[in-house]
Ligand SMILES: [Zn+2]
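Numbering (my numbering), first residue to last: 11 to 351.
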């Protein structure tokens, strides 16, 4: 009996495999249900009592040897496979796709807006997001305690109330006018802040692009023509545009610009609240007092300014219903914009 067991042990230890089938064969023979070792174990009851202990011990050793060998065979087979792949790579396999990211839709829209205005001579200016009262409010005709400031409530530092997070990128325009002689044609894109509750339509952090054009003899006709051009380039040549009178402290006269609804084409739907129109930007002729504040003579120069929210333009362009999606970093949302450049 003992000789028999030794022979089986030698067989187990000397086993070699070169395919998955060989491995399965080994498993069936020594590990799986109804394997040969289990059958030997069952024979123990036929032995005289004094031989049983030694026999049982040998069977257990056999079992351990089989389990150990099985792990070794799996590892050997894996190693063989890897080596084979290195020596003979399968050239017919499809290439592994590069894990490239995409451009965030806000970035894509910002770039598109900039490209459109660059073609008519605008450059890009940037400025600080932490602003002082003068550049964000006072120079732009927001007198202290004026209700217009309430429209743009932001984040202040209690101990230094002169410092705030900018509520618009108009503050950059002030800096440009202070430091540059007209003609000025500039766009100021960037992040802005307002003290707003976060919802599907509002956020305390968002992005704007503002534009400023100052030269001799700039009129409201120039404003309209520039913004008509922008709307058609951005949303398509068939888009309709209208201006509505509005109020901003830093422009006079002021107007909001609507475009015909992109969803229903003007017949009325939920997005346009059944009016057929959606607002895309605010604009107006720069108030002479603002020019004066920034060291530009309003008798000699005039100009227009406009501003739009990049989130709003992006939502209209791609039919996005919730502003919060832009900052949630959900790749399922972001992947939909992978083709944008
Ligand atoms: Zn509509």
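We put the beta carbon where it would ideally sit given N, CA and C, even for glycine.
Keep in mind that this is a model prediction, so the values were computed, not measured.
For residue 274, collect the residues of the same chain with a Cβ closer than 8 Å to its Cβ; drop the 5 residues on either side in sequence, then sort them by chain order.
Contacts found: 281, 282, 286.
Find out if the Cβ-Cβ distance for the pair residue 186, residue 135 is shorter than 7 Å.
Contact flag set, yes.
How should residue 261 be labelled, buried or exposed, when 16 other C-beta atoms within 10 angstroms of its C-beta is the threshold for buried?
Residue 261 is buried by the Cβ-count criterion.
Whose CA, out of 322, 74, 243, 236, lies closest to the CA of residue 210?
For residue 210, the nearest C-alpha among the options comes from 322.
C-alpha gap between residue 221 and residue 198, whole angstroms:
Going by the C-alpha atoms only, they are around 6 Å apart.
Contact between the region 213-220 and the region 331-345 (3+ Cβ pairs under 8 Å)
The answer is yes - the region 331-345 touches the region 213-220, with three or more Cβ pairs under 8 Å.
Any idea what DSSP makes of residue 206, helix, strand or coil?
Annotated three-state conformation of residue 206 is coil, per DSSP.
Beta-carbon separation of residue 201 and residue 139 under 7 Å?
Yes, they are a contact pair.
With respect to 6 Å, is the separation between the Cβ of residue 273 and the closest non-hydrogen atom of ligand 1 below this value?
At least one heavy atom of ligand 1 is nearer than 6 Å to the Cβ of residue 273, so yes.
Between residue 301 and residue 307, what straight-line distance do the alpha-carbon atoms span, to the nearest angstrom?
Residue 301 and residue 307 have their C-alpha atoms spaced approximately 7 Å apart.
For residue 279 and chain B, any beta-carbon pair shorter than 7 Å?
Absent from the structure: chain B. Only one protein chain is present.
Looking at residue 251 and ligand 1, is the gap between the Cβ and the nearest heavy atom below 6 Å?
Answer for residue 251: no, Cβ out of range of ligand 1.
Given residue 162 as reference, the closest of 177, 153, 156, 152 once Cα atoms are compared
When each option's Cα is compared against that of residue 162, the closest is 177.
Just mark residue 125 as buried or exposed, buried being the case when its beta carbon has 16 or more other beta carbons within 10 Å.
That one is exposed.
So residue 155 and residue 259 are in contact, right, with Cβ under 8 Å, and what is the actual spacing, rounded?
Contact doesn't hold; Cβ gap of about 13 Å is too wide.
Reduced DSSP category for residue 145 - H, G, I as helix; E, B as strand; rest coil
In the three-state reduction of the DSSP assignment, residue 145 falls in the helix class, which pools H, G and I.
Closer than 8 Å is the cut-off here; do at least three beta carbon pairs connect the region 312-326 with the region 78-95?
At 8 Å Cβ cutoff, the stretches do not touch.
With 16 as the cutoff for other CB atoms within 10 Å, does residue 54 come out buried or exposed?
Taking all protein chains in view, the Cβ of residue 54 is surrounded by fewer than 16 other Cβ atoms within 10 Å, so the residue is classified as exposed.
Between the C-alpha atoms of residue 146 and residue 329, what's the straight-line distance to the nearest angstrom?
Using only the alpha carbons, I get a separation of about 32 Å.
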